[in-house]
Amino acid sequence: MTLKYTRSVATNMVIANMIGTGIFTSLGFQVVPEIGIPDPFAILIIWLVGGIISLCGATVYGEIATTFNKSGGEYTFLTKLYHPLLGFISGWISIVIGFSAAIAGLSIATGEYFLPIIGSANDTDFIGIPIVKLIGTIVIVIIALVQMRGVKFGGLVQNYMTYIKLGLVFTFLALPLFFGGEGKTSGVNFAPTDESFDMIFSLSFAGSLVWVMFAYSGWNASSYIVGNMENPKRNLPFSLMVGTLIVTVLYLLLNTVFMYVATFDELAFKVDLGNVVAEKLLGSKVALFFSAVFSLALISGVNAMFIAGPRVAQQMGKDHTLFKALGKESKGGAPRIAIIVMAVISIILVFAVPFDAIIKFTGFTLSVFALLTVGGIFILRRKKMANENTVKAWLYPISPIIFIALSLWMMTYFALEQPIIILWFFIVIAPAVLIYFLTKSSNDKVEDDSSSLDSGDD
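Residue numbering for the sequence shown follows my numbering, beginning at 20 and increasing consecutively.
Here you go:
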């Protein structure tokens, strides 16, 4: 009997994927006047908008994923909705950048939060290796080994780590109630002003939305394992919607706490907002405890990505002869070779790519393929591809239109401000196009299959 992920694992996977570096870094850039929207009300609105976009995407993904009922995420969806080449490019991006870069970014952030515990500066080297990157590498290796144990053990670890993460968040939210005395709060006013609405309708709002959507990335996480999930018709939409809704509420509360405790000057350009707030409320010694727990919270995100990411590589291995080795699975249900490949790529990125570049490039590329996938629901409906497993998207066609319109607005602004990212996007996908056509004969079965629906992962 094939081992499957439960509903709790799928939901916790969404939560853990979403709550990561983004929520603890984005606000530090949004409060800077030159590049952000330094208004408390406007900031809360932008996080609410991010949640609405994600919920709209989640309900659409629920319909598409339950229709095809096959793991692989955008790789599978774009192959069946558009063309195998587009699916192949998406899978390539997921393996090389999407998940691997996100794992690298989370691992580096884990190292940053861990530094105060060992009393080290971020430029300290150990045998010639920066401590932050060494810690990040160790995290990647350990989590890869955990997931190689199999579905049951990896899912159990994910559940417990997510519960710890949620416990941390709720504890953090309660801190101002008990320790927010005189001199320990910012005196912020959340009431809207005319300036608030000017910022909401400004180009800076669109630019700040890029950071917000990076924090929300992961709302589609469980769709990558739909073919490895118990009762996907019930559990997949539940995990996407409930997980995303929980995180949206938590993000609004967390940003409220950040701004309630720390001034904009104290938050500006900080990438460890949790440490900033904890130290102001509790002092540097007690804040060390929160540094340790923040590190664990970020590690749970790495674990969640090692569940989802290798399933894309595994599905590509099943569909393409060139990547056949990636499709192999252990007795415990783990795609071990795919996990190893993703771990190696992630470690390379830890040492080769700056942290901010990882965030910007990952955020943009994931948005491109999510946009194409959500737009694919119109193709799915027009071709009447739904079956007995399909769970219809809520508020269709309003939900996909909201997602597409706001995503295009954000991406257009980002492309104009960061044209180098667009150039790198095409540089990264170029090898995928070349490999696809060089191995065209081995891809024929995917093209034949793209016109039909699979009932399961195998």
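Beta carbons are placed, not taken as given, at the ideal position from N, Cα and C, and that holds for glycine.
All of these numbers come straight from a predicted model, not from anything done at the bench.
Inter-residue Cα distance where the pair is residue i and residue j
| i | j | result |
| --- | --- | --- |
| Asp-476 | Asn-178 | Residue placement at Asp-476 cannot be trusted, given a pLDDT of 43 that sits under 50; what the coordinates show is reported in the next sentence. If you take the alpha carbons of Asp-476 and Asn-178, they lie about 23 Å apart. |
| Lys-343 | Leu-317 | 32 Å |
| Ser-471 | Met-361 | Any reading at Ser-471 must be qualified, since the residue scores a pLDDT of 46, below 50, and its modelled position is unreliable; the value itself is stated next. Using only the alpha carbons, I get a separation of about 30 Å. |
| Glu-131 | Gly-352 | 33 Å |
| Ile-421 | Cys-75 | 7 Å |
| Val-312 | Leu-185 | 11 Å |
| Ile-127 | Ile-56 | 27 Å |
| Ile-441 | Ala-434 | 7 Å |
| Arg-493 | Arg-26 | No answer is possible for residue 493: the residues shown for the chain start at 20 and end at 477. |
| Pro-149 | Ser-365 | 16 Å |
| Ala-84 | Leu-255 | 8 Å |
| Ala-35 | Thr-181 | 6 Å |
| Pro-373 | Lys-152 | 11 Å |
| Asn-247 | Asn-239 | 15 Å |
| Gly-173 | Val-165 | 6 Å |
| Thr-44 | Lys-289 | 7 Å |
| Met-278 | Glu-249 | 41 Å |
| Ser-474 | Lys-89 | Residue placement at Ser-474 is poorly supported in this model, since its pLDDT is 42, which falls under 50; the coordinates are not used for a value here. |
Cβ pair residue i, residue j closer than 9 Å
| i | j | result |
| --- | --- | --- |
| Arg-330 | Met-167 | no |
| Met-430 | Ser-386 | yes |
| Ile-244 | Met-32 | yes |
| Ala-11 | Ala-332 | Coverage of the chain is limited to positions 20 through 477, which leaves residue 11 absent and any answer about it impossible. |
| Gly-199 | Val-115 | no |
| Pro-135 | Ser-310 | yes |
| Gly-262 | Ser-236 | no |
| Ile-398 | Leu-100 | yes |
| Thr-409 | Glu-82 | yes |
| Ala-193 | Ile-359 | no |
| Asn-208 | Pro-59 | yes |
| Val-268 | Pro-195 | no |
Terminal residues of the alpha helix (DSSP H) in which residue i lies
| i | result |
| --- | --- |
| Gln-49 | 45-49 |
| Arg-26 | 26-37 |
| Pro-251 | 251-280 |
| Val-160 | 150-167 |
| Val-79 | 59-87 |
| Phe-118 | 118-137 |
| Ala-210 | First-last for Ala-210: undefined, no H or E at that position. |
| Ser-109 | 103-112 |
| Phe-370 | 355-371 |
| Phe-444 | 438-457 |
| Gly-336 | 303-338 |
| Leu-97 | 93-100 |
Exposed unless 16 or more other CB atoms sit within 10 angstroms - verdict on residue i
| i | result |
| --- | --- |
| Thr-340 | exposed |
| Lys-299 | buried |
| Phe-96 | buried |
| Thr-212 | exposed |
For residue j and residue i, believed in contact at Cβ under 8 Å, the rounded distance
| i | j | result |
| --- | --- | --- |
| Ile-122 | Ala-451 | That belief does not hold up - the Cβ atoms of Ile-122 and Ala-451 are roughly 20 Å apart, past 8 Å. |
| Leu-228 | Gly-69 | 7 Å |
| Val-158 | Val-296 | About 23 Å separates the two Cβ atoms, so there is no contact after all. |
| Val-79 | Ser-418 | 6 Å |
| Ile-161 | Phe-133 | That pair is no contact at about 13 Å. |
Residue i CB to nearest heavy atom of the ligand MN below 8 Å
| i | result |
| --- | --- |
| Gly-55 | Ligands are entirely absent from the displayed structure, and the ligand MN is therefore not among its contents. |
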